[in-house]
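Novice:
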Amino acid sequence: MQLGTVALTGAAGNIGSVVRKALRAEATRLILLDRVPLRPEADNEEAHTVDLRDQAAVQSALAGADRVLHLGGVPDEAPLPELLDVNVLGTHHVLEAARRTGIDRVVLASSNRVTGFYPVEHVTDPQDPVRPDGLYGVSKAAVEALGRLYSDKFGLSVVCLRIGSFEPAPTEPRHLATWLSPRDAIGFLLAALAAPPAVRFATAYAVSANTRRFWQLPDPAVLDYTPLDNAESHAAAVPGAAHPTAPASPQAGSFALPEFTLRHLNP
Ligand SMILES: NC(=O)c1ccc[n+]([C@@H]2O[C@H](COP(=O)([O-])OP(=O)(O)OC[C@H]3O[C@@H](n4cnc5c(N)ncnc54)[C@H](O)[C@@H]3O)[C@@H](O)[C@H]2O)c1
10 MQLGTVALTG AAGNIGSVVR KALRAEATRL ILLDRVPLRP EADNEEAHTV
60 DLRDQAAVQS ALAGADRVLH LGGVPDEAPL PELLDVNVLG THHVLEAARR
110 TGIDRVVLAS SNRVTGFYPV EHVTDPQDPV RPDGLYGVSK AAVEALGRLY
160 SDKFGLSVVC LRIGSFEPAP TEPRHLATWL SPRDAIGFLL AALAAPPAVR
210 FATAYAVSAN TRRFWQLPDP AVLDYTPLDN AESHAAAVPG AAHPTAPASP
260 QAGSFALPEF TLRHLNP
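Everything in the sequence shown is counted per our numbering, starting at 10 for the first residue and increasing by one.
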């Protein structure tokens with residue numbers, strides 16, 4: 010895989026720290042960005058302490074990159090101003106840096122929570138209209154829309170990955186549908202960075218090959234990766250796995266409950 014110089018935002022995070030190790034072997038140079046200070050761990054790594062809200066700092070750190078994997082952000086429900094600042098404006102800063110410096114491929118971390126209100130009986134396709142299950146999902150819908158804009162208007166190649174539940178192993182019944190194993194996460198993220206140049210915009214779910222999944226797997230012509238793991242092989246260890254989920258219940262599970270969002274709203 011020839012990835013050239015890759016910039017990785019959110020490099021200190023759960024997914025970032027796993028994919029960092031895989032990218033180190035595939036990229037000529039790896040530019041790490043996070044607001045948390047990081048140290049280079051290999052000769053081809055360089056680290057920048059950057060707040061995604063600081064446009065000039067983002068642009069300066071991304072200089073010289075050929076591809077960007079943008080994982081940095083607020084990964085769950087939060088007050089809307091924070092989500093807009095970090096997830097939406099932060100992504101705008103990454104896309105602007107890409108436009109200005111001529112970076113062609115940008116991979117954006119979106120989320121399954123963009124469509125969390127579809128019922129579990131519905132096999133959701135990226136072409137389905139968004140149905141966010143909360144404010145976080147709304148912010149990721151805006152992230153995808155920004156990616157689409159920068160692709161259509163400025164010709165950037167953008168791949169939005171709707172990441173499933175990234176966990177070492179499934180621990181709750183919902184994960185039996187939504188689990189994304191670490192090795193499948195690496196597989197999908199590297200495939201998105203390496204997608205053919207003809208891919209100018211794509212949105213895809215990144216999920217393991219779970220028997221109970223309710224999202225379509227990516228088109229192999231876009232993402233050349235076949236997931237290897239299946240949450241079902243862990244079902245015996247998941248409490249409640251044998252209880253069927255009501256077909257009309259939201260894919261987001263408890264994330265769809267009003268309480269989940271209400272605690273981030275003013276009374
Ligand atoms: N983990 C999952 O299951 C999952 C599922 C769907 C989508 N995602 C998305 O994938 C991405 C990575 O998720 P994760 O689980 O690794 O989250 P994480 O919280 O572990 O990592 C996010 C990283 O972003 C950094 N960050 C946050 N605000 C920042 C700012 N203002 N400036 C610079 N850096 C900042 C954090 O320091 C952190 O290292 C996120 O965009 C998240 O929304 C994750």
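Every residue, glycine too, gets a C-beta built ideally from N, C-alpha and C. Bear in mind that the values here come from a model prediction, so they are computed numbers and not experimental data.
#1: Return the CA-CA distance between Val45 and Asp60, expressed in angstroms with no decimal places.
#2: Since Pro191 sits in a beta bridge, which residues does DSSP pair it with?
#3: Let me check one thing: in DSSP terms, what residues is Thr175 bridge-paired to?
#4: On a CA-only basis, which of His57, Glu35, Thr220, Arg114 is nearest Leu165? Give me that one, please.
#5: Helix or strand or just coil, what does DSSP make of Tyr159?
#6: CB Ala4 to CB Leu237, shorter than 8 Å?
#7: What ranges does the beta strand (DSSP E) occupy inside the region 88-168, keeping only unbroken runs of at least 3 residues that lie completely in it?
#8: Along the beta strand (DSSP E) that carries Val83, what are the first and last residues, could you check?
#9: For Val147 and Glu50, I'd like the C-alpha separation in whole angstroms.
#10: Which word fits Glu86, buried or exposed, when buried means at least 16 other C-beta atoms lie within 10 angstroms of its C-beta?
#11: When we look at the beta-carbon of Asn96 and count the other beta-carbons within 10 Å, is it buried (16 or more) or exposed?
#12: Taking the Cβ atom as the reference point for each residue, do Phe126 and Pro248 lie within a distance shorter than 8 Å?
#13: Starting from Glu181, trace the alpha helix (DSSP H) in both directions and tell me its first and last residue.
#14: Could you give the distance in angstroms between the alpha-carbon of Gly242 and the alpha-carbon of Phe197?
#15: Considering only their Cβ atoms, is the gap separating Ser174 from Val152 smaller than 8 Å?
#16: Quick one: Cα of Gln225 to Cα of Ser263, how far?
#17: Starting from Thr270, trace the alpha helix (DSSP H) in both directions and tell me its first and last residue.
#18: Considering only residues of the same chain and omitting the five flanking positions on each side of Thr58, which have a CB-CB separation below 6 Å?
#19: How about Ser263: is its Cβ closer than 7 Å to a heavy atom in ligand 1?
#20: Taking C-alpha atoms, which residue in Val216, Leu202, Asp161, Ala201 lies nearest to Pro179?
#21: Taking its Cβ as the centre, do 16 or more other Cβ atoms sit within 10 Å of Asn275, making it buried, or is it exposed?
#22: Would you check if the region 19-28 and the region 74-89 touch, i.e. whether three or more CB-CB distances between them fall below 8 Å?
#23: Whose C-beta lies closer than 6 Å to the C-beta of Arg222 among residues of the same chain, with five residues either side of it excluded?
#24: Following a CB-centred definition, is Ser160 positioned closer than 7 Å to any heavy atom of ligand 1?
#25: Between Ala230 and Gly143, what straight-line distance do the alpha-carbon atoms span, to the nearest angstrom?
Specialist: Inspection of the coordinates gives the following:
#1: 9 Å
#2: Paired residue(s): none; Pro191 is not in a bridge.
#3: The sequence shown places Phe at residue 175, rather than the Thr named in the question. For Phe175, which the question treats as bridged, DSSP gives the partners Leu189.
#4: Arg114
#5: helix
#6: Because the chain here runs from 10 to 276, residue 4 falls outside it and cannot be looked at.
#7: List check, beta strand (DSSP E) in window: 114-120.
#8: Looking at the DSSP string, Val83 is not in any beta strand (DSSP E), and its letter there is neither H nor E.
#9: 36 Å
#10: buried
#11: buried
#12: no
#13: That residue, Glu181, is in no alpha helix (DSSP H); it is neither H nor E in DSSP.
#14: Reading off the sequence shown, one finds Ser at residue 242, where the question assumed Gly. If you take the alpha carbons of Ser242 and Phe197, they lie about 20 Å apart.
#15: No, these two residues do not count as a Cβ contact at 8 Å.
#16: 22 Å
#17: 267-271
#18: In chain order, Pro46 place their CB closer than 6 Å to the CB of Thr58, counting only its own chain and leaving out the 5 sequence neighbours on each side.
#19: no
#20: Val216
#21: exposed
#22: yes
#23: Ala186, Val216
#24: Checking the Cβ of Ser160 against ligand 1 gives no.
#25: 32 Å
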